[in-house]
Amino acid sequence: MSAAPGSDEKFWHAAARGLSRRIHFGWWLDYWLTLLIPLSFIGAITILALRYWLNLPTQSVLAGLASALLLSSLAAYLWMRRHREPLSTTRIRLEDALGLKARLSAAAAGIGPWPPARPNLTLPVTYRPGRPLFMVASGATLLSAAILIPISRSQPEKPRVIEPPSALQEVQNRLDNVKKNDAVNPESIDQVEEKMAELLQRPAQNWYEHASLEAADHLRDVTAADLQQLAQNLADAERAANALAASASGSGLPQAAKDSLEQALQNASQSMQGAGMQPSGDLMDALKNVDPSQLSNMSADQLKDLANQLAQNQQSLQQALKKSPSLDLSNLPEGRPGEGKGEGEKEGTGQGAPTRGPGTAPVTLASEDTQLDTNKIETLKNPLDLSRLATGDALSVTNGAAKIDPKAYQGPQQGGATSAPGDGGAAVWQKSLIPAERETLKRFFK
Amino acid sequence: MTSPLSEIEASQAASQIDLLRQSLRSVLFGQDALIENVLTGLLARGHILLEGLPGLGKTELVKGLSKSLGLDAKRVQFTPDLLPGDITGNPMLQETDTGRRFVFQPGPLFANLVLADEINRASPKTQSALLEAMQERRVTVMGETHLLPDPFFVLATQNPIELEGTYPLPEAQLDRFLFKLEVRANNAATLEQIVLHREIGVEPQVSQVLSRENLTTLLDQVRRVFMPVPVANFIARLVHATQPGEPHSGGIHYGASPRAALALAAASKARALIAGRLNASYEDVRDAAPQVLRHRLLLDYRAKLEGLTPDLLIARLLEHTPAQDAPLPTSLKAAKL
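Chains A and B, in that order, are what the protein sequence lines are.
Going by the numbering used here, the first residue of the first sequence is number 1, and it counts up by one from there.
Going by the numbering used here, the first residue of the second sequence is number 1001, and it counts up by one from there.
Dropping the structure here:
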């Protein structure tokens, strides 16, 4: 008997709902497990890729994994909705399994009372744990392996740094040094730097082309030559100014020597004003202010000051280029470039350059013996290759009647016949073969 | 629209049917299943084909039933020379007040309970006359239609051993029978009871336990038994599953007809009333299915060669036809409680 009116109905409704939930969960589990293995594969590969490429921390990987599982659960839920069972259907399962003689369906239709509640009701549908456990374990193994397996992280590819050619670096060092010591007019430095910038403006991958290297080397050499010329001019001018100052202070010099010194000072000054590398700004202004025609009228102090300025600039220049071993300014020759003793003439080829060759190859005009060791000459005696004769080729032209050998033609021969019968013990061969024999030979030699 | 059965009515009906059952048990020993099925067929207003060896109490069962219900019972022994008129009745020339004229003399069919013994011995023509009467519950002779008494039940028997000189019933005619029951031989204990309580030539004393009106009421109550939609669906799927081409109908050449579905529903309702329930159930359908379907399934040669029987095929169909056809997920399994 039911405890209270309607309680049995509630009980069976609840039981049907419970069974329905279990069936729905079963469907959800089915679909989720269907998604789980492919997702585990994809997830494992993704995790490995993320760990390798992005170097993600484990927390992020786990969070992503949880999100994927959540999404798959949602997809399985949406998929499961196709199999949603109404309570009427679930009631049928319940009443059939419990042997209720369709009383639940009848009671739901208003026929007869609801069956008495069964407090310890066991739902007529149980789980099959084997497949879900196996698949979950497989998926978990895959994902765990992807998370825990040691993997070397990818090193980010470093940007390829292309250093400017060493010649340009050398020029830049020199310029930096002279700029730091204020040994050269900044405008001259700017001009060289503009040229360097022009060279470096090209794509970096073209910096080491032959033409670029040649240009860089040229710029380095020109800069070095300009600096050397500046140093030489400074030294020449300083010597001339000192000598003139000494002359003006009383040490009498012949007029010719004084003229020569004035000329030297004037030449050096003009050379510095028109050179690629000009002296520093104050010295440049001082040189510009010196009137060549009034040079002989300058006092000893003025000349001394000028000589001091020249000496200071020279010292600054030497100090600046002290770290450039290839540009030694400490032993400057006393004279103009090109003057003095040369290195003399040398034999042999040059070094060559990217745009020019090493010079004329060393050749000798003397005849050389061949080393073929040939002592016999074979020539083709027969002008005609009889095996390659074509129809119409003439073997020879002779005058006279044709000689006919009446025994030469032996009449038609049967295929396979022996062309040279031979005598006893002589070799016998066949020249003409019947088709079957020819086919056999072809097969043999194939 | 008939009103549904009340619990009191169902309970009273079950009591009355139980009285009838007890009465028949006192007549026929050791055949409880047969009695149950006969009662089911009777309440479902169906005719029953009994197949079994002679001497197993078929006639006693019919006599006992007629006595218990107070109904007329006739027995017709079918022979090859039996004519339709011999069972339906013939017009006889008689002197009447208005002169000589043909007067219809009812045959043995005009009874509430008719035992058609060895029906497969009669010619097809006579069989047809009987089957027409079974279906239409009336007889037409020389243009005159005569209604058969109500209720009208036919219990036909056929001998499964002798085939010579018999005319097996065609499938279309077999379909008219609600049930085909197999009368099995008695076991030793039952035979001992028979020896102790029966004597040759002495008919058992059976008292009437139900009146004709009671029976009519019971027949009406069977119709009022509720048929839940899921049970009707189960019957439909079960009968449909017998059609060739269905997943589990291998070996069946011809399946059951819609009449079989109706018969199954009526039998299920009758069983529900016998049990005192208000509604038919899946169990009723499963219990009645072999009796209803076994004579309606025509097996193919392959099934016959393999030794399959209709009962085996029906058992297979019942096994594969659940009460609810919605599938379960693979992660769940149905538990037997």
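Built from N, CA and C at the ideal position, the CB exists for glycine as well.
Values in this document were obtained by computation on a predicted structure and should not be read as measured data.
Between the Cα of residue i and those of the options, spot the shortest distance and give me the residue it belongs to.
i, options, result
"Ser324 of chain A", "A:Phe444, A:Asn177, A:Leu303 and A:Leu69", "A:Asn177"
"Leu523 of chain A", "A:Leu441, A:Ile162, A:Phe41 and A:Gln273", "This structure cannot settle anything about residue 523 of chain A, because the visible part of chain A is limited to 1 through 446."
"Ser164 of chain A", "A:Thr126, A:Ile149, A:Leu175 and A:Ser212", "Before going further, note that residue 164 of chain A is Pro rather than Ser in the sequence given. Taking only the C-alpha atoms, the option nearest Pro164 of chain A is A:Ser212."
"Glu85 of chain A", "B:Glu1007, B:Ala1335 and B:Pro1327", "B:Pro1327"
"Asp1032 of chain B", "B:Arg1045, B:Glu1203 and B:Asn1187", "B:Asn1187"
"Thr1040 of chain B", "B:Ser1123, B:Ala1013, B:Gly1030 and B:Val1139", "B:Ala1013"
"Leu1071 of chain B", "B:Ile1235, B:Asn1112, B:Leu1093 and B:Pro1106", "B:Asn1112"
"Gln314 of chain A", "A:Gln201, A:Leu244 and A:Ser280", "A:Ser280"
"Ser72 of chain A", "A:Gln278, A:Pro113, A:Leu35 and A:Val222", "A:Leu35"
"Val1027 of chain B", "B:Glu1095, B:Val1202 and B:Glu1118", "B:Val1202"
"Leu1219 of chain B", "B:Pro1054, B:Arg1025, B:Leu1050 and B:Leu1069", "B:Leu1069"
"Asp285 of chain A", "A:Gln294, A:Ser269 and A:Gly276", "A:Ser269"
"Arg1121 of chain B", "B:Ala1189, B:Ala1156, B:Tyr1254 and B:Leu1147", "B:Ala1156"
"Ala204 of chain A", "A:Asp182, A:Leu175, A:Val161 and A:Glu194", "A:Val161"
"Ser1211 of chain B", "B:Ser1066, B:Leu1278 and B:His1248", "B:Ser1066"
"Tyr1282 of chain B", "A:Leu54, A:His83 and A:Glu95", "A:Glu95"
From residue i to residue j, what distance separates their C-alpha atoms?
i, j, result
"Gln266 of chain A", "Glu238 of chain A", "11 Å"
"Val1222 of chain B", "Ala1270 of chain B", "5 Å"
"Ala1172 of chain B", "Leu1178 of chain B", "12 Å"
"Arg21 of chain A", "Trp28 of chain A", "10 Å"
"Glu198 of chain A", "Val171 of chain A", "14 Å"
"Gly338 of chain A", "Gln229 of chain A", "Per-residue confidence for Gly338 of chain A stands at a pLDDT of 45, beneath the threshold of 50, marking its modelled position as unreliable; the derived number appears in the next sentence. Approximately 12 Å, taken between the alpha carbons."
"Gln191 of chain A", "Val184 of chain A", "12 Å"
"Phe1153 of chain B", "Leu100 of chain A", "32 Å"
"Gly1085 of chain B", "Ala1263 of chain B", "29 Å"
"Gly1046 of chain B", "Ile111 of chain A", "26 Å"
"Leu1131 of chain B", "Leu1174 of chain B", "9 Å"
"Val1114 of chain B", "Leu1061 of chain B", "12 Å"
"Gln201 of chain A", "Asp217 of chain A", "16 Å"
"Lys179 of chain A", "Ala167 of chain A", "18 Å"
"Gly392 of chain A", "Thr440 of chain A", "34 Å"
"Lys442 of chain A", "Ala436 of chain A", "10 Å"
"Ala102 of chain A", "Gln1105 of chain B", "49 Å"
"Leu380 of chain A", "Pro406 of chain A", "Only weak support exists for where Leu380 of chain A lies, its pLDDT of 45 falling under 50; the value from the coordinates is given anyway. Approximately 33 Å between the Cα atoms of the pair."
"Leu50 of chain A", "Glu157 of chain A", "16 Å"
"Pro1322 of chain B", "Gly1307 of chain B", "26 Å"
Going by DSSP in three states, residue i sits in which element: helix, strand or coil?
i, result
"Thr1309 of chain B", "coil"
"Lys1333 of chain B", "strand"
"Ala1116 of chain B", "strand"
"Met1092 of chain B", "strand"
"Ala1156 of chain B", "strand"
"Glu1199 of chain B", "strand"
"Pro254 of chain A", "coil"
"Glu1182 of chain B", "strand"
"Tyr208 of chain A", "coil"
"Leu29 of chain A", "helix"
"Lys1125 of chain B", "helix"
"Asn181 of chain A", "coil"
"Lys407 of chain A", "coil"
"Phe1226 of chain B", "strand"
"Arg952 of chain B", "The requested residue 952 of chain B does not occur in the structure, where chain B is confined to residues 1001 to 1337."
"Gln1105 of chain B", "strand"
"Lys381 of chain A", "Here the model assigns Lys381 of chain A a pLDDT of 47, short of 50, so the residue's position is not dependable and the matter cannot be decided."
Quick check: is any heavy atom of the ligand NAP less than 7 Å from the C-beta of residue i?
i, result
"Gly130 of chain A", "Looking at this structure, you won't find the ligand NAP or any other ligand, since it has none at all."
Using a beta-carbon distance cut-off of less than 8 Å, what residues from the region 1206-1227 of chain B approach chain A? When C-beta distances to chain A are compared with 8 Å, the residues of the region 1206-1227 of chain B below that value are Phe1226, in chain order.
Using a Cβ-Cβ cutoff of 7 Å, what residues of the region 1231-1246 of chain B are near chain A? List them in chain order. Val1231
If the cut-off is 9 Å on Cβ atoms, which residues from the region 1273-1293 of chain B count as contacting chain A, listed in chain order? Those residues of the region 1273-1293 of chain B that come within reach of chain A (Cβ to Cβ, closer than 9 Å) are Ala1275, Arg1277, Leu1278, Asn1279, Ala1280, Ser1281, Tyr1282, Glu1283 and Asp1284.
Check distances from the C-beta atoms of the region 37-62 of chain A to those of chain B and list, in chain order, the residues that come in under 7 Å. none
Which residues, in chain order, does the region 115-132 of chain A contribute to contact with chain B at a C-beta distance below 7 Å? Thr122, Pro124, Val125, Thr126, Tyr127, Arg128, Arg131 and Pro132
Just checking, does the region 1237-1251 of chain B make contact with the region 1011-1030 of chain B on the three C-beta pairs under 8 Å criterion? The region 1237-1251 of chain B is not in contact with the region 1011-1030 of chain B.
Along the region 9-40 of chain A, what residues have a CB closer than 8 Å to any CB found in chain B? Arg22, Ile23, Gly26, Trp27, Leu29, Asp30 and Leu33
Taking beta-carbon pairs under 7 Å, can you tell me which members of the region 76-91 of chain A lie near chain B? Glu85 and Thr89
Residues of the region 1321-1334 of chain B with Cβ closer than 9 Å to any Cβ of chain A, in chain order: Pro1322, Ala1323, Gln1324, Ala1326, Pro1327, Leu1328, Pro1329, Thr1330, Ser1331, Leu1332, Lys1333 and Ala1334
Determine which residues of the region 131-153 of chain A have a Cβ less than 7 Å from any Cβ of chain B, and write them out in chain order. Arg131 and Pro132
Say whether the region 202-212 of chain A touches the region 231-250 of chain A, bearing in mind that this needs 3 or more beta-carbon pairs closer than 8 Å, one atom from each stretch. no
Say whether the region 1180-1199 of chain B touches the region 1042-1058 of chain B, bearing in mind that this needs 3 or more beta-carbon pairs closer than 8 Å, one atom from each stretch. Yes, since at least three Cβ pairs between the region 1180-1199 of chain B and the region 1042-1058 of chain B fall closer than 8 Å, the two stretches touch.
Report the residues of the region 1033-1059 of chain B with a CB closer than 9 Å to any CB of chain A, ordered along the chain. none
Report yes or no: do three or more beta-carbon pairs, one from the region 1253-1267 of chain B and one from the region 1292-1309 of chain B, lie closer than 8 Å? Segments in contact, yes.
Near-chain A residues of the region 1089-1108 of chain B - C-beta to any C-beta below 7 Å: Residues are counted here when their Cβ sits less than 7 Å from a Cβ of chain A; for the region 1089-1108 of chain B the count is zero.
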